[in-house]
Amino acid sequence: MGVEEEVKRDLESRFAGQLKASQVLRPRVLQVRIDRKDLLPVAKRLKESGFEHLSCISAVDWLTRYESVCHITSWSRNCLVEVIAEIPHDDPKLDSLFGVWPGADYHEREAWDLMGITYTGHPNLERILLPADFKYHPLRKDFPQEVDRQYVSRRKLGGG
Amino acid sequence: MWINMGPQHPMTHGLWNLKVRVDGETVVEARPEIGYLHRGVEKIAEVREFHKVVILTDRLCYVSSVTWSHAYCLAVEELMGISDRIPARGRYLRVISNELQRVASHLMWLAAYAPDLGLLTGLLWSLRERELFLDLLQALTGQRMNQNYPRVGGVRNDMPATFARDCEKVIRHFHKKLEEYEDLFERNKTFRMRTEGVGVLSKADGLAWGVTGPNLRASGVDYDLRKLDPYDAYADLKFEPAVEPGGDNLARYLIRIEEMRTSCDLILQAVKRIPEGPYRIKAPRRAEGTAFRRTEDSRGEALFYVAGDGGDRPYRVKIRSPIFCTMSAVPTIMRGEKIADVIGIMGSLDVCVGEMDK
Numbered sequence: 000m001g002v003e004e005e006v007k008r009d010l011e012s013r014f015a016g017q018l019k020a021s022q023v024l025r026p027r028v029l030q031v032r033i034d035r036k037d038l039l040p041v042a043k044r045l046k047e048s049g050f051e052h053l054s055c056i057s058a059v060d061w062l063t064r065y066e067s068v069c070h071i072t073s074w075s076r077n078c079l080v081e082v083i084a085e086i087p088h089d090d091p092k093l094d095s096l097f098g099v100w101p102g103a104d105y106h107e108r109e110a111w112d113l114m115g116i117t118y119t120g121h122p123n124l125e126r127i128l129l130p131a132d133f134k135y136h137p138l139r140k141d142f143p144q145e146v147d148r149q150y151v152s153r154r155k156l157g158g159g
Numbered sequence: 000m001w002i003n004m005g006p007q008h009p010m011t012h013g014l015w016n017l018k019v020r021v022d023g024e025t026v027v028e029a030r031p032e033i034g035y036l037h038r039g040v041e042k043i044a045e046v047r048e049f050h051k052v053v054i055l056t057d058r059l060c061y062v063s064s065v066t067w068s069h070a071y072c073l074a075v076e077e078l079m080g081i082s083d084r085i086p087a088r089g090r091y092l093r094v095i096s097n098e099l100q101r102v103a104s105h106l107m108w109l110a111a112y113a114p115d116l117g118l119l120t121g122l123l124w125s126l127r128e129r130e131l132f133l134d135l136l137q138a139l140t141g142q143r144m145n146q147n148y149p150r151v152g153g154v155r156n157d158m159p160a161t162f163a164r165d166c167e168k169v170i171r172h173f174h175k176k177l178e179e180y181e182d183l184f185e186r187n188k189t190f191r192m193r194t195e196g197v198g199v200l201s202k203a204d205g206l207a208w209g210v211t212g213p214n215l216r217a218s219g220v221d222y223d224l225r226k227l228d229p230y231d232a233y234a235d236l237k238f239e240p241a242v243e244p245g246g247d248n249l250a251r252y253l254i255r256i257e258e259m260r261t262s263c264d265l266i267l268q269a270v271k272r273i274p275e276g277p278y279r280i281k282a283p284r285r286a287e288g289t290a291f292r293r294t295e296d297s298r299g300e301a302l303f304y305v306a307g308d309g310g311d312r313p314y315r316v317k318i319r320s321p322i323f324c325t326m327s328a329v330p331t332i333m334r335g336e337k338i339a340d341v342i343g344i345m346g347s348l349d350v351c352v353g354e355m356d357k
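Residue numbers (numbering that gives the first Met the number 0), protein chains in the order written: chain C, 0 to 159; chain S, 0 to 357.
Following this line, the structure appears as structure tokens:
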């Protein structure tokens, strides 16, 4: 039995009713889908079982919901768990992982800055990449983006 | 007293600001301010076709372009479900280009780090050797920088006929030069005084703050994604990732010198074992679902999380930049250091603002 199966069984036995889905994506990579209220207990359990490194937190706007995707790694057990926390679209709030992995600090600030997800319990949730007085969260799908850039020759621009 | 080191400061090697609060000469608090170079790569990627994003990811880090576009291609291949169909020759060419880029990137780091500590010779010497590796990259890809070489489904073009011989020649020459570097740096009293025991990052702190790459291996964590999660042809090649227990500036220097040796060794193995055959397959245009892949970039763990909605453009691209995460550990490293050492410590971390600010 591979290490990802061990982790899967451990999570399934501890969070029986709370895992919405769990599947092995490829050897040593496990994917778990949970509701946002279960993120902190699952993260704490993973930390206890040797997952010492938080690789990444990615926020995705799926129009009907937000997702906060955490890639959590264990170097010692050589395994990665992708924890997908689903967040309702009208209330983008999620518990902060700062207390479990301090490395979540910048990831969460970035997700707040660009996607507008509020991480409750974060000690310093400020904009990180954009200026402090910026009003929007540009990675949201309702933030307009130029789709096709038509090539305009210099002569046309000059009116010739 | 607060001191702004940046955004225009010789220390920064780019555009960012490190605010330090000092008590006498001791740093009691440090606060990085980043974002000056934010170009919105993730947002722009959402309106470009999958294949056209490669050229954007090239520009994430201008001294390590190939490794970044390579990581993006791996993630998109995973999303399209073609990652096990990449031809063997393409996978070997990716290893070769990645390792050439890694050596060039580490040499650029050395070239920036040496003048930080007042060793101008180091700058000239390492740029001289970096040029040899850029020549090799140019022979392989056609460009010195921003190569736009990896493709979704393989690499852009095959290597030239004399490439294996050229690599061997350059690497034989480079090994001699590496010994000269070691004489220049490690037997230099000033260099040792400014690096030994300065800027210590403990193993526990490094893991907690998400530091990766050479900086984490210099703190005694034996990890390397090329070994732990082998991609491309790394599983076929023999190498041992270097580990240093020190955690200080000197350890971070030693680890990069050792990594250049490892990379040269990997290049030699790869050009010897490279099989004949096609180097690229035709990739589909559309993709649906989500996928991620991570690679060992020159600076640490690079991760791309790509989502597709069935169209020919990515729905979302998320970039995990190793230096972005390392930057969050800077306040911890800086606490208790002397103000004069701030430059040496930041230099040893190998900051690349392009990938940090995305």
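Glycine included, C-beta positions come from ideal geometry on N, C-alpha and C. Only a predicted model underlies this, so the values are computations on that prediction, with no experimental measurement involved.
- Out of C/30, C/75, C/114, the CA that lies nearest to the CA of residue 93 of chain C is found in C/114.
- Residues of the same chain with a CB within less than 8 Å of the CB of residue 19 of chain C, apart from the 5 flanking positions on each side, are 32, 33, 34, 85 in chain order.
- Interface with chain S (9 Å Cβ-Cβ cutoff): residue 42 of chain C is excluded.
- Secondary structure at residue 24 of chain S: coil, using DSSP grouped into helix, strand and coil.
- Excluding sequence positions up to five before and after residue 217 of chain S, its CB lies within less than 7 Å of the CB of 243, 245, 246, 250, 251, 254, all in the same chain and listed in chain order.
- Here residue 166 of chain S carries a helix assignment [DSSP, helix/strand/coil].
- Counted as a single uninterrupted DSSP element, the alpha helix (DSSP H) harbouring residue 75 of chain S occupies residues 64-79.
- Chain order gives no chain C residues near residue 67 of chain S, where near means a beta carbon separation below 8 Å; the closest approach is about 15 Å.
- Close partners of residue 319 of chain S in chain C (Cβ separation under 7 Å): 54, 55.
- By the rule that beta-carbons nearer than 9 Å mark a contact, residue 17 of chain S does not touch chain C.
- In the three-state reduction of the DSSP assignment, residue 180 of chain S falls in the helix class, which pools H, G and I.
- Chain C places a beta carbon closer than 9 Å to that of residue 326 of chain S, counting this residue as a contact.
- Within chain C, the residues placing a beta-carbon under 7 Å from that of residue 42 of chain S are 137, 138, 144, ordered along the chain.
- Identification of residues in the stretch 99-117 of chain C having a C-beta nearer than 7 Å to some C-beta of chain S yields 100, 101, 102, 104, 105, given in sequence order.
- Under the three-pair Cβ rule at 8 Å, the stretch 348-355 of chain S does not count as touching the stretch 106-126 of chain C.
- Per DSSP, reduced to three states, the secondary structure at residue 266 of chain S is helical.
- Neighbours of residue 31 of chain C across chain S, judged by C-beta separation under 8 Å, do not exist; the nearest C-beta is about 13 Å away.
- The DSSP assignment places 188-194, 202-207, 213-216 as complete runs of the alpha helix (DSSP H) inside the stretch 179-225 of chain S, in order along the chain (cut-off: 4 residues).
- In the DSSP annotation of this structure, the continuous segment of the alpha helix (DSSP H) that includes residue 346 of chain S starts and ends at 341-347.
- Counting along the chain, residue 61 of chain S sits inside no beta strand (DSSP E), nor does DSSP assign it H or E at all.
- Residue 16 of chain S is positioned such that its CB atom lies closer than 9 Å to that of residue 33 of chain S.
- With respect to the C-alpha of residue 214 of chain S, the residue from S/28, S/21, S/9, S/346 having the closest C-alpha is S/346.
- At a cut-off of 9 Å between C-beta atoms, residue 126 of chain C counts as an interface residue with respect to chain S.
- Taken atom to atom, the span from the alpha-carbon of residue 121 of chain S to that of residue 183 of chain S is near 8 Å.
- If you draw a 10 Å sphere on the C-beta of residue 107 of chain S, you find 16 or more other C-beta atoms in it, and that means buried.
- For residue 105 of chain S, the uninterrupted alpha helix (DSSP H) run begins and ends at 87-115, by DSSP.
- Around the C-beta of residue 248 of chain S, 16 or more other C-beta atoms lie within 10 Å, and the residue is accordingly described as buried.
- Residue 135 of chain S and residue 193 of chain S have their alpha carbons spaced roughly 34 Å apart.
- For residue 119 of chain C, no alpha helix (DSSP H) encloses it; the enclosing beta strand (DSSP E) starts and ends at 117-119.
- Here residue 140 of chain S is near residue 65 of chain S, since their CB atoms are less than 9 Å apart.
- By DSSP's assignment, residue 291 of chain S forms a beta bridge with S/304.
- Distance from the CA atom of residue 15 of chain C to the CA atom of residue 90 of chain S, rounded to whole angstroms, is 41 Å.
- The beta carbons of residue 155 of chain S and residue 145 of chain S sit no closer together than 9 Å.
- Around the Cβ of residue 69 of chain S, a 10 Å sphere holds 16 or more other Cβ atoms; the residue is buried.
- The beta carbons of residue 267 of chain S and residue 170 of chain S sit closer together than 9 Å.
- Remark: C-beta atoms of residue 220 of chain S and residue 299 of chain S do not approach each other more closely than 9 Å.
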